[in-house]
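Counting in our numbering, the sequence shown runs from 19 upward without gaps.
The C-beta atom is built at its ideal place from N, Cα and C for all residues, glycine as well.
Note that the structure is a prediction, hence the values are computed from the model and not measured.
In what follows, a single structure is set out as structure tokens and then discussed.
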Amino acid sequence: MDIADCYIKVRHRTEAICEPLQIEDYVVQPVVDVSPPKWHIGHTTWFFETFILKPYFAEYQEFDPNYNYVFNSYYETVGNRVIRTDRGNLSRPTVIDIKRYRKYVDDAMLNFITCGDISDDVKELLILGFNHEEQHQELLLTDIKYILGNNPLFPAYSKDYAAPKSHKTGAPFIKLNEGIYEIGFEGEGFSFDNELNRHKVYLNAFEISPDLVTNAEYLEFINAGGYHDFRHWHAAGWDWVNNNKAEAPMYWHNIDGEWHNYTYHGLQPVHMHDAVTHISYYEAYAYASWKGMRLPTEFEWEAAAKQFNWGLRWEWTESAYLPYPGFAKAPGAIGEYNGKFMVGQKVLRGASEVTSPNHSRITYRNFFQPELRWQFTGIRLAK
């Protein structure tokens with residue numbers, strides 16, 4: 019692996035994602051879950067400065083001591099930080115300041131990478147940094163969509179964005195026999211700590227759909243009064259529906275009796291053959307209940323994943339986000355990366371159309387709270 023080349027490519031991709039933005043787009047934070055784009059480009063830079071340059075590059079001089087407070091996300095080990103809800107109040111540092119910071123750290127990083135031998139431990143941290151930035155590239159794209167999709171003018175992000183086409187096979191459900199299956203990452207290459215350790219699980223016989231639920235299929239649920247029938251919802255989900263007056267997936271708008279949705283190209287009629295997206299776990303569960311089926315567990319999903327196409331949507335599972343047997347946190351701040359979030363969240367499997375290239379694998383465990391839906395989330399049914 020050419021570490022310098024990998025570093026340059028991952029950093030350039032983040033900048034390419036931001037290329038279509040206007041300066042004002044960089045600073046908006048409509049809700050707590052969405053961070054301003056300028057915060058993402060600063061935070062991913064802070065990660066390399068904090069975990070690589072400051073501890074391992076003796077010649078490095080910190081760009082600005084205040085940036086540790088501004089761009090620390092959730093690392094208690096590293097010190098105090100701006101609370102998440104205040105990221106949109108940071109008119110300073112400016113976008114230009116943050117871009118200067120990014121270039122300063124990039125120059126130092128390339129000097130560090132090319133100046134001599136790098137230990138295996140530091141290489142592992144560098145690779146974690148690349149994967150961390152790739153996660154933020156997906157967050158950037160979804161946060162940008164939320165920012166622009168909640169602008170009353172529904173401006174396009176980029177006319178050049180090409181959404182992958184959904185392909186429904188219409189094939190019958192895939193059947194798997196009861197038995198013991200191996201779950202979790204194994205082999206060479208990178209994985210996050212929450213994919214370890216590989217272990218055995220017993221599964222009852224089950225069936226899983228080879229296809230994702232489409233917009234047309236989900237519209238049947240809407241038209242059947244699914245959002246007004248408490249029988250299909252968890253109690254918390256029913257409260258969520260009523261408190262938020264939910265009637266359809268995020269970004270859907272009923273205009274003169276026809277459904278439109280916000281896309282990266284702006285507001286467009288809903289494409290009925292596309293896989294439904296931007297739905298919460300509550301909605302996914304309710305739809306499955308209405309169909310007389312259920313969501314797969316993450317273990318069922320992983321056991322069956324080689325038999326269907328995945329990667330278009332993050333797929334809600336029926337599994338709580340919990341540690342695998344033998345899971346252990348790394349010492350120090352890096353140990354805060356995943357383990358402390360293993361409560362009150364549901365696992366999603368697969369990837370999405372905005373997941374960075376080569377950043378997905380069958381064992382990848384994404385996780386979000388059940389009410390969230392600004393990511394490209396979808397539904398695969400099981401029974």
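query                                                                                                                                  : result
Where residue 153 falls: helix, strand or coil (DSSP)                                                                                  : helix
Coarse secondary structure for residue 224, derived from DSSP in three states                                                          : strand
Extent of the continuous alpha helix (DSSP H) to which residue 32 belongs                                                              : 21 to 36
Rounded straight-line distance, which links the Cα of residue 29 to that of residue 70                                                 : 15 Å
Separation of residue 368 from residue 335, as counted between CA atoms                                                                : 10 Å
From 22, 26, 145 and 160, residue whose alpha carbon lies closest to that of residue 51                                                : 160
Residue 55 burial status per 10 Å Cβ neighbour count (16 or more: buried)                                                              : buried
Distance, residue 382 Cα to residue 226 Cα                                                                                             : 19 Å
Three-state secondary structure (DSSP) of residue 180                                                                                  : coil
Distance, residue 173 Cα to residue 269 Cα                                                                                             : 13 Å
Simplified DSSP state of residue 337, which is helix, strand or coil                                                                   : strand
Burial state of residue 94 (16 or more Cβ within 10 Å)                                                                                 : exposed
Residue 132 in three-state terms, based on DSSP                                                                                        : helix
Identity of the residue in 60, 234, 320 and 153 nearest residue 374 by Cα                                                              : 153
Spatially closest choice to residue 31 from 41, 48, 58 and 49, by CA coordinates                                                       : 58
For residue 232, the residue or residues it bridges with in DSSP                                                                       : 293
Contacts around residue 182, its chain only, beta-carbon distance under 8 Å, and the 5 residues preceding and following it disregarded : 330 and 371
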